[in-house]
Amino acid sequence: MAETKPALVLHLATGGEPLVFALPGEGAEELASKLPLLLEHGSTESVQTKDESRISVNFAHVAVAYIDDLQRKGKVFGLH
Numbered sequence: 004m005a006e007t008k009p010a011l012v013l014h015l016a017t018g019g020e021p022l023v024f025a026l027p028g029e030g031a032e033e034l035a036s037k038l039p040l041l042l043e044h045g046s047t048e049s050v051q052t053k054d055e056s057r058i059s060v061n062f063a064h065v066a067v068a069y070i071d072d073l074q075r076k077g078k079v080f081g082l083h
């Protein structure tokens with residue numbers, strides 16, 4: 004089985020290209036389970052990225068958010 008490379012994909016309510024952040028393997032499932040509530044309530048959440056950065060996401064400005072596999076993606080912010 005191929006290794007998965009999880010990423011948080013955010014489509015902003017204002018449109019444009021989605022923002023994609025590489026995530027560490029651990030914690031991605033937990034974040035995925037929290038996304039529906041974060042979107043529903045427009046909450047702000049601090050997210051650990053794979054490159055050891057922390058980003059704060061204000062989900063009040065996000066139309067769609069999901070966890071995807073980077074194996075299928077061509078470009079990602081913060082990935083070396």
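Here our numbering is used: the first residue of the sequence shown is 4, the next is one more, and so on. Glycine included, C-beta positions come from ideal geometry on N, C-alpha and C.
* Asked: Do you know offhand how far Q74's Cα is from P27's?
  -> Counted from its first residue, the sequence shown places residue 74 at position 71. Counted from its first residue, the sequence shown places residue 27 at position 24. About 14 Å.
* Asked: Are there 16 or more other CB atoms within 10 angstroms of the CB of A63, so buried, or fewer, so exposed?
  -> Here residue 63 refers to the residue found at position 60 of the sequence shown. Exposed, by the Cβ-count rule.
* **Strand pairing of H94, partner residues [DSSP]** => Outside the shown range of the chain (4 to 83) lies residue 94, about which nothing can therefore be said.
* CA-CA distance, L71 and A10? -> Walking along the sequence shown from the start, residue 71 turns up at place 68. Walking along the sequence shown from the start, residue 10 turns up at place 7. In the sequence as displayed, the identity of residue 71 is Asp instead of Leu. Taking the straight line joining both Cα atoms gives about 5 Å.
* **Any non-hydrogen atom of the ligand COA closer than 6 Å to Q51 Cβ** => The ligand content of the structure shown is nil, which means the ligand COA is not present either.
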